[in-house]
């Protein structure tokens with residue numbers, strides 16, 4: 609059983625209250641015999657439902673927006689339809705000057721931000 613209370617007052621002071629409460633009721637199917645049958649028939653969870661992050665790895669298709677001497681590769685999901693791929697490629701080619709392909713394309717970028725430095729003792733080997 610779910611009970612919901614909503615109180616909204618819009619005047620000088622804005623007040624909004626949303627309350628939801630759940631009341632557990634005893635179901636007739638909750639007798640011990642039905643619970644034991646459920647436990648006997650329950651299957652282990654598949655590995656996909658195990659805790660932890662699982663990366664979704666899709667096949668990618670590479671498209672070069674630059675020239676052979678100066679490539680500007682981008683990667684699209686290989687499951688795109690040919691029409692979608694063509695539309696995205698045209699969009700990227702139209703706006704390729706907006707994106708930075710190298711550090712030389714970002715003259716205002718502070719090297720202290722872009723360069724990773726390791727704290728290594730010079731005398732240590």
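Numbering (our numbering), first residue to last: 609 to 733.
Even glycine gets a Cβ: it sits at the ideal position worked out from N, Cα and C.
Per-residue DSSP class, three states only, for residue i
{"i": "residue 669", "result": "strand"}
{"i": "residue 720", "result": "helix"}
{"i": "residue 654", "result": "coil"}
{"i": "residue 587", "result": "Absent from the structure is residue 587, since the part of the chain shown begins at 609 and ends at 733."}
{"i": "residue 705", "result": "helix"}
{"i": "residue 677", "result": "coil"}
{"i": "residue 645", "result": "helix"}
{"i": "residue 711", "result": "helix"}
Presumed contact (8 Å Cβ cut-off) between residue i and residue j, rounded CB distance
{"i": "residue 700", "j": "residue 673", "result": "6 Å"}
Straight-line gap, residue i to residue j (C-alpha atoms, nearest Å)
{"i": "residue 709", "j": "residue 650", "result": "53 Å"}
{"i": "residue 722", "j": "residue 728", "result": "19 Å"}
{"i": "residue 730", "j": "residue 693", "result": "51 Å"}
{"i": "residue 670", "j": "residue 682", "result": "6 Å"}
Start and end residues, beta strand (DSSP E) containing residue i
{"i": "residue 681", "result": "681-685"}
Span of the alpha helix (DSSP H) around residue i
{"i": "residue 700", "result": "690-702"}
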